[in-house]
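Here's the structure, in structure tokens; my notes come after.
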Amino acid sequence: MSAFVQGVDRFYSLLARLSTAPGQGLRLRQLKERFVLPRRGVYFFMESGEFRVTHPEIRRIVRIGTHAVSAGSKSLLGARLGAHLGTRTGGGNHRGSIFRLHVGAALLARDGLSLPSWGVGSALPPQVRGNPVALAAEAELERRVSAHIGEMTVLWVAVPDEPGPLSMRAYIERNTIALLSNKLAPLDVSSSGWLGRFSPRAEIRHSALWNLRHVQDECDLQFLPTLESLVTLTREDEPRSK
Numbered sequence: 001m002s003a004f005v006q007g008v009d010r011f012y013s014l015l016a017r018l019s020t021a022p023g024q025g026l027r028l029r030q031l032k033e034r035f036v037l038p039r040r041g042v043y044f045f046m047e048s049g050e051f052r053v054t055h056p057e058i059r060r061i062v063r064i065g066t067h068a069v070s071a072g073s074k075s076l077l078g079a080r081l082g083a084h085l086g087t088r089t090g091g092g093n094h095r096g097s098i099f100r101l102h103v104g105a106a107l108l109a110r111d112g113l114s115l116p117s118w119g120v121g122s123a124l125p126p127q128v129r130g131n132p133v134a135l136a137a138e139a140e141l142e143r144r145v146s147a148h149i150g151e152m153t154v155l156w157v158a159v160p161d162e163p164g165p166l167s168m169r170a171y172i173e174r175n176t177i178a179l180l181s182n183k184l185a186p187l188d189v190s191s192s193g194w195l196g197r198f199s200p201r202a203e204i205r206h207s208a209l210w211n212l213r214h215v216q217d218e219c220d221l222q223f224l225p226t227l228e229s230l231v232t233l234t235r236e237d238e239p240r241s242k
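Using this note's numbering, the letters of the sequence shown correspond one by one to residues 1 to 242.
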């Protein structure tokens with residue numbers, strides 16, 4: 001067995017340990033409603049119908065992410081996950097969540113729909129703000145994105161480090177993405193019905209991840225002992241219930 005395959009198996013064995021802790025493996029909507037998350041961490045999303053090829057009883061990871069990877073950032077783990085989930089009323093803002101943007105674009109492509117304003121600008125463009133039809137179309141797609149992401153389950157590890165590109169969180173995120181993508185030749189490919197197969201972005205389609213950055217990076221397998229330590233610490237420090 002190659003070091004790469006052993007690395008993927010070890011990663012999933014660590015997540016299996018993590019999944020037995022309180023607050024782990026819940027649907028994103030449930031997690032946000034029931035638990036107070038640590039200030040900083042790395043998260044791992046799973047999606048209905050997606051399983052490992054080599055171990056079909058194990059759900060595969062479809063997105064890895066973190067936050068506060070620029071110096072001085074005030075972004076928190078709970079806020080980042082909340083941006084992905086959207087609002088309590090089912091809406092959301094894809095211009096504030098690249099994950100939402102990707103899911104919405106894939107929904108449009110799968111269903112043969114066109115929404116030219118989707119993903120345009122970092123804030124709602126004036127031409128959309130003043131157009132009731134465009135506003136309604138964006139709002140409807142935001143609701144569909146919220147419903148899709150809200151049903152995903154999520155695991156997370158607490159990483160109490162400082163913001164910055166050299167943070168431990170950035171290190172874990174980068175190498176996990178690189179490991180699972182394997183330079184766009186993943187060990188565990190997506191199912192034929194995975195929404196990401198309809199993504200306009202080749203990186204998503206070929207990596208089987210809702211990620212763009214780091215999908216063609218080299219993986220440093222030495223990140224796994226670090227992740228193991230973080231899993232142990234996260235299991236020992238239970239999250240507070242709301």
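Glycine included, C-beta positions come from ideal geometry on N, C-alpha and C.
- Taking C-alpha atoms, which residue in G78, H84, A68 and L108 lies nearest to R197? L108
- Item | DSSP three-state assignment for M152, whether helix, strand or coil | coil
- How many whole angstroms separate the CB atoms of I204 and H84, which I take to be in contact at a CB cut-off of 8 Å? That belief does not hold up - the Cβ atoms of I204 and H84 are roughly 15 Å apart, past 8 Å.
- Query: How is the alpha helix (DSSP H) around R235 delimited, first residue to last?
  - Reply: F223 to E236
- Which runs of the beta strand (DSSP E) fall wholly inside the segment 39 to 87 and span at least 3 residues, in chain order? 41 to 51 and 59 to 65
- Is L26 helix, strand or coil by DSSP? strand
- Message: Between I64 and I177, how many whole angstroms is the CB-CB distance? I'm expecting something under 8 Å.
- Response: 5 Å
- Task: With a cut-off of 8 Å on the beta carbons, I'd call I172 and V69 a contact; round off their distance for me.
- Result: That pair is no contact at about 11 Å.
- Query: Between V14 and S191, what straight-line distance do the alpha-carbon atoms span, to the nearest angstrom?
  - Reply: Residue identity check: residue 14 is Leu in the sequence provided, not Val. About 23 Å.
- Task: Can you give me the Cβ contacts of H67 inside the same chain, cut-off strictly under 8 Å, excluding the 5 residues immediately before and after it?
- Result: R40, S73, S75, L76, L77, A79, R80 and R169
- Query: Using DSSP with H/G/I as helix, E/B as strand and the rest coil, what is S241?
  - Reply: strand
- Within 8 Å, strictly: CB atoms of F99 and P239: no
- Item | Residue(s) in a DSSP beta bridge with A158 | G41
- Message: Quick check on DSSP: helix, strand or coil for V36?
- Response: strand
- Please name the residue, chosen from L155, A139, T234 and P160, that lies closest to G86 on a Cα-to-Cα basis. A139
- Message: Taking a contact to mean a Cβ-Cβ separation below 8 Å, would you say L209 touches S181 in this structure?
- Response: yes
- Item | Close Cβ partners of L179 (< 7 Å) along its chain, the five nearest in sequence each way excluded | G7, V8, F11 and C219
- Message: Going by C-alpha to C-alpha distance, which of M46, A3 and V53 sits closest to V189?
- Response: V53
- Task: Confirm, please, whether the CB-CB distance from T234 to V157 is below 8 Å.
- Result: yes
- Should M1 go down as buried or exposed, given a rule of 16 or more other Cβ atoms within 10 Å for buried? exposed
- Using three-state DSSP, classify G90 as helix, strand or coil. coil
- List the whole-angstrom C-beta distance separating V128 from H94, where the pair is believed to meet the contact cut-off of C-beta under 8 Å. 12 Å between Cβ atoms; not a contact.
- Item | E236 versus S48 - alpha carbon distance | 28 Å
- Own chain partners of S117 with C-beta closer than 7 Å, once the 5 adjacent residues on each side are dropped: P125, V128, A134 and E138
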